[in-house]
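Just so we're aligned: 1759 in the working numbering is position 268 of the sequence shown, and the numbers increase by one with no gaps anywhere.
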Amino acid sequence: MDAEEVTDNNPDERKRHKGKHDKPKPWDDESIDHWKIEKFDPSWNEGGLLEVSSFSTLFPQYREKYLQEAWPIVKGALKEHGISCELDLVKGSMTVSTTRKTKDPYIIVKSRDLIKLLSRSVPAPQAIKILNDEMQCDIIKIGGLVRNKEKFVKRRQRLVGPNSSTLKALEILTGCYILVQGNSVASMGSFKGLKQVRRIVEECMLNKMHPLYNIKVLMMRRDLASNPELANENWDRFLPKFKKKNVKQKKVKSKEKKEYTPFPPPQPPSKIDMQLDSGEYFLSDKKKSAKKWQERQEKQAEKTAENKRKREEAFKPPEEAPVQEQGKNDKEDIVAMATSLKNKAKEFGKRKSGDKIDAEMYIAAGPSSSKKLKTKNKK
1492 MDAEEVTDNN
1502 PDERKRHKGK
1512 HDKPKPWDDE
1522 SIDHWKIEKF
1532 DPSWNEGGLL
1542 EVSSFSTLFP
1552 QYREKYLQEA
1562 WPIVKGALKE
1572 HGISCELDLV
1582 KGSMTVSTTR
1592 KTKDPYIIVK
1602 SRDLIKLLSR
1612 SVPAPQAIKI
1622 LNDEMQCDII
1632 KIGGLVRNKE
1642 KFVKRRQRLV
1652 GPNSSTLKAL
1662 EILTGCYILV
1672 QGNSVASMGS
1682 FKGLKQVRRI
1692 VEECMLNKMH
1702 PLYNIKVLMM
1712 RRDLASNPEL
1722 ANENWDRFLP
1732 KFKKKNVKQK
1742 KVKSKEKKEY
1752 TPFPPPQPPS
1762 KIDMQLDSGE
1772 YFLSDKKKSA
1782 KKWQERQEKQ
1792 AEKTAENKRK
1802 REEAFKPPEE
1812 APVQEQGKND
1822 KEDIVAMATS
1832 LKNKAKEFGK
1842 RKSGDKIDAE
1852 MYIAAGPSSS
1862 KKLKTKNKK
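This is the structure in C-alpha cells:
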C-alpha cells in the first residue's frame, strides 16, 4: 500500500519493480564520468597474476639493425611495468611475457601492441607511448584492397601527398600518429581519431573519396564544434557533399568469335613436305648447292638493278610545265595592247596642247626600246 501511495503522489517518478536487485547503485551518480580512463593503481592487484601470458611477433630482416640499437630503451620501458622481453635474431622474432612483478593485467596487451608497432617500422620512442592508458593503436592492412600494383602505389602515394603534406594534415586534424609503410598503415591515438583514420585510409585505397575532401570535412567539423550555438545541432546541412565524376574509359575492342568446330585446325606443311612437293628433296647435293647459288645470283642481280635505278633517278631532269597553245596567247596579247593604247589616248587628250610630249612613251614596245630611251636621257 505504501509503495502505491508513493507512486500516486509522485507520478513523475519512474515505477520501481520489487526485487532484491532494486537498490541504488554507487555508479548511478551523474557526477561520475564513465568515459574517463583512470590510471592503474598497483594496490588494486597486490597478489599479481597467477598464470604467465606471452605474445611474440616476427619482424623483417631490414629492421634487425635498428631493433638491436633500440632494444635497451624498449626493455627499460617494459621493465617498469613488470614485463620481460626477448629479441631473437636467429628466428627474427620479439617476445613479451608477464612476470611475478606484473600487477596490471592489461599491460601485456599493451606490450603486444608495442612489439607489433616496432615490427611495422614505427620508431621506438613513438612506439613506447602505447604503454600509456590514453593511447591506442590500429594497424590497417591495405595490401588486399587493390589488386593492380600500379594503382596500389598511386593511391598509397595519394594518401601520403607531396612532401607528406596530406599525412601531416591528417595527423593534426585527427590527433593521431600515422605511418604508411609497405602494405600497412600504423596509427596511434584516441579511439575517435583511430576510427576517422581507418575510414579515410579505406576510402582512399578503394577510390571512394580523395583524402583532401576528407580533410575539408574534418576542418569544417572542427570549426562547427568550436561554435557553442551549433555544438548540439545536426551538421549535415553545413558539410559539403562530394559527387564522384565518372571518367569515360576506353572501350575494349571485342574480338569476333569464330565459329566453333570440333575438329582441330589443319597442320601446316613442314619443310620436308614442301621439298617433296617441289621435287627438291630428290635432288643430289651438287644440284641443291647449284640451285641455291643460282637463286643467290638472281637476288644479287635484282638488288644491283634496284640500286642502279635509285642512283639514276638523281640525274633525271624535272618535268617541264605543258606549253599553252600559241593562238590563244597571241589573241590575248593583241587585246592587252589595244586596251593600253586606248587608255593612253585618253590621257593624251586631257593634257594641254602646249606641253612637250614624247611620242615614244606611248608606243607599245618591248623591253629593248625602253633601255635605249634610258641611255639617251643619260647622254
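For each residue, glycine too, the CB sits at the ideal point set by N, CA and C. Owing to the predicted nature of the structure, the values given are computational and were not obtained by experimental measurement.
Residues near residue i by beta carbon distance below 8 angstroms, same chain, minus five either side
i     : result
P1616 : I1564
F1682 : Q1627
R1712 : W1726, L1730
S1602 : F1546, L1569, H1572, I1574, C1576, V1587, L1622
R1647 : I1633, V1671, M1696
V1708 : L1730, P1731
L1703 : T1657
Q1552 : G1583
R1554 : L1609, S1610, S1612
P1596 : N1536, L1540
Boundaries of the beta strand (DSSP E) in which residue i is found, first to last residue
i     : result
C1695 : C1695 -> not in any beta strand (DSSP E); alpha helix (DSSP H) instead, spanning 1682-1696.
M1585 : 1584-1589
I1669 : 1668-1672
Coil, strand or helix - residue i by DSSP
i     : result
T1657 : helix
M1679 : strand
F1546 : strand
E1789 : helix
E1577 : strand
I1523 : coil
I1825 : helix
D1629 : strand
N1725 : coil
A1878 : An answer regarding residue 1878 cannot be provided, because it is not within the stretch 1492 to 1870 covered by the chain.
F1839 : helix
K1774 : The sequence given here places Leu at residue 1774; Lys does not occur at that position. Reduced to three states, the DSSP call for L1774 is coil.
W1518 : coil
E1797 : helix
L1541 : coil
T1752 : coil
K1744 : coil
L1730 : coil
Q1758 : coil
K1782 : helix
E1662 : helix
P1551 : coil
L1832 : helix
G1635 : coil
Where the alpha helix (DSSP H) through residue i begins and ends
i     : result
D1764 : 1762-1769
I1564 : 1555-1570
Q1648 : 1640-1651
L1703 : 1702-1717
Exposure of residue i, with buried meaning 16 or more beta-carbon neighbours within 10 Å
i     : result
K1744 : exposed
F1839 : exposed
N1639 : exposed
D1604 : buried
Y1751 : exposed
T1795 : exposed
T1593 : buried
G1770 : exposed
G1680 : buried
D1764 : exposed
A1829 : exposed
Y1772 : exposed
Close Cβ partners of residue i (< 7 angstroms) along its chain, the five nearest in sequence each way excluded
i     : result
I1630 : K1607, R1611, S1675, A1677
D1520 : none
A1561 : A1615
N1698 : R1646
M1710 : L1664
Cutoff 6 angstroms; reference residue i; Cβ partners in own chain excluding five residues on either side
i     : result
C1576 : K1566, L1569, V1587
T1665 : G1684, Q1687, V1688
D1579 : none
M1700 : E1694
F1733 : Y1704
P1653 : none
A1660 : I1706
Any chain B beta carbon closer than 8 angstroms to residue i
i     : result
R1646 : Considering every chain present, this structure includes no chain B. It has just one protein chain.
Whole alpha helix (DSSP H) elements within the region 1586-1626, 4-residue minimum: Fully enclosed alpha helix (DSSP H) runs of 4 or longer: 1598-1610, 1615-1618.
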